[in-house]
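Undergrad: Residue numbers for the sequence shown, in the numbering used here: 4 to 198. Structure in structure tokens, see below.
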Amino acid sequence: MNTIRLIGDVHGKWKQYRGITRDIPYSLQIGDFGFKMEHERHLEHRDSECHKICFGNHDDYTFLNAAHSMGNFGTFKGIFCIRGAFSIDYAYRLEGQSWWSNEQLTYSEMMEALDAYEQAKPDILVTHDCPKFIYDSLGYTPYTGNRTSSFLSHLFKIHKPKQWFFGHHHMSRMWNIQGCEFRCLNELEYVDIEI
4 MNTIRLIGDV HGKWKQYRGI TRDIPYSLQI GDFGFKMEHE RHLEHRDSEC HKICFGNHDD
64 YTFLNAAHSM GNFGTFKGIF CIRGAFSIDY AYRLEGQSWW SNEQLTYSEM MEALDAYEQA
124 KPDILVTHDC PKFIYDSLGY TPYTGNRTSS FLSHLFKIHK PKQWFFGHHH MSRMWNIQGC
184 EFRCLNELEY VDIEI
């Protein structure tokens with residue numbers, strides 16, 4: 004058995020991230036790692052075979068295909084990951100510097116992720132955002148442009164994992180819905196799971 008550390012949003016807090024991952028063999032950061040400087044430092048200081056990032060909405064998407072990235076979706080140490088989320092503050096950000104138009108999967112990318120998810124039927128799922136039906140428990144409703152949360156709700160109908168971890172909402176919360184344990188990780192919060 005090995006331990007993998009799941010880590011909430013980092014938002015460029017590189018020193019704290021380094022401390023969290025210093026003595027752990029594997030980690031999976033669940034999005035909003037940071038922009039260009041943070042991704043470059045991650046590539047320099049952490050083995051990309053052992054420490055991965057499932058991109059969120061506040062990530063530099065020029066690094067989406069870098070070695071440390073999970074890409075659009077994929078499996079790391081038995082954990083299925085799907086990237087993306089909607090930035091409610093996109094109007095106040097600069098495209099290509101602090102906001103990327105491909106922060107959410109396209110329809111065809113969603114269909115590819117759906118096929119892979121349906122085939123994998125994972126026990127553990129990591130996403131940056133959460134299904135739309137969780138938003139009520141968070142105290143607000145998804146924005147119209149948020150196709151990610153709707154897609155994630157559809158995945159839950161197809162296959163219910165045992166555990167579903169996400170970030171994005173900057174709070175520490177847990178729910179059990181239809182036998183699935185949902186857990187929202189706050190910024191720099193982490194949880195260790197055995198794989």
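Glycine included, each C-beta is placed from N, C-alpha and C at the ideal position. These numbers come from a predicted model, not from an experiment.
Given this structure, state the Cα-to-Cα distance separating A116 from F136, to the nearest angstrom.
TA: Within the sequence shown, residue 116 is the residue found at index 113, counting from 1. Within the sequence shown, residue 136 is the residue found at index 133, counting from 1. Approximately 20 Å, taken between the alpha carbons.
Undergrad: Using the rule of at least 16 other Cβ atoms within 10 Å of the residue's Cβ for burial, across every protein chain shown, is I127 buried or exposed?
TA: As a position in the sequence shown, residue 127 is number 124, starting the count at 1. Classification of I127: buried, given that the 10 Å Cβ count is 16 or more.
Undergrad: On the DSSP letters alone, give me the boundaries of the alpha helix (DSSP H) that T24 sits inside.
TA: Position 21 of the sequence shown, counted from the start, is the residue given in the question as residue 24. Its alpha helix (DSSP H) spans residues 17 to 24.
Undergrad: Runs of 3 residues minimum, wholly inside the stretch 17 to 73: which ones carry the beta strand (DSSP E) assignment?
TA: Listed in chain order, the complete beta strand (DSSP E) runs (minimum 3 residues) inside the stretch 17 to 73 are 29 to 32, 54 to 56.
Undergrad: Here's the rule I'm using: 16 or more other beta-carbon atoms within 10 Å means buried, otherwise exposed. How should L9 be labelled?
TA: Sequence index remark: in the sequence shown, residue 9 carries index 6 (1-based). By the 10 Å Cβ count, L9 comes out buried.
Undergrad: Straight-line CA distance for M114 to R86?
TA: Numbered from 1 along the sequence shown, position 111 holds the residue referred to as residue 114. Numbered from 1 along the sequence shown, position 83 holds the residue referred to as residue 86. In a straight line, the C-alpha of M114 is about 13 Å away from that of R86.
Undergrad: With a 10 Å radius around its C-beta and 16 neighbouring C-beta atoms as the bar for buried, classify Y3 as buried or exposed.
TA: What is shown of the chain runs 4 to 198, which leaves residue 3 out entirely.
Undergrad: Where do the ends of the beta strand (DSSP E) carrying F136 lie?
TA: As a position in the sequence shown, residue 136 is number 133, starting the count at 1. Neither: F136 is in no beta strand (DSSP E) and is coded neither H nor E.
Undergrad: Considering only DSSP beta bridges, list what Q166 is partnered with.
TA: Position 163 of the sequence shown, counting from 1, holds the residue named residue 166. Answer is I127, E184.
Undergrad: Which whole-angstrom value is the C-beta distance of F159 and C187, which I expect to be below 8 Å?
TA: Residue mapping note: residue 159 aligns to position 156 of the sequence shown, counting from 1. Residue mapping note: residue 187 aligns to position 184 of the sequence shown, counting from 1. Actually they are not in contact, since the Cβ atoms of F159 and C187 sit about 15 Å apart, beyond 8 Å.
Undergrad: Measuring CB to CB, does Y143 end up less than 8 Å from S152?
TA: One-based indexing of the sequence shown puts residue 143 at position 140. One-based indexing of the sequence shown puts residue 152 at position 149. No, these two residues do not count as a Cβ contact at 8 Å.
Undergrad: Does M114 come out as helix, strand or coil in the three-state DSSP assignment?
TA: Locating residue 114 in the sequence shown gives position 111, counting from the first residue. Note: M114 maps to helix in three-state DSSP.
Undergrad: Report all residues from its chain with a CB closer than 7 Å to the CB of H14; omit the five preceding and five following residues, and keep chain order.
TA: Locating residue 14 in the sequence shown gives position 11, where the first residue counts as 1. For H14, where only same-chain residues beyond five positions count, the Cβ hits under 7 Å are D35, G37, H61, E190.
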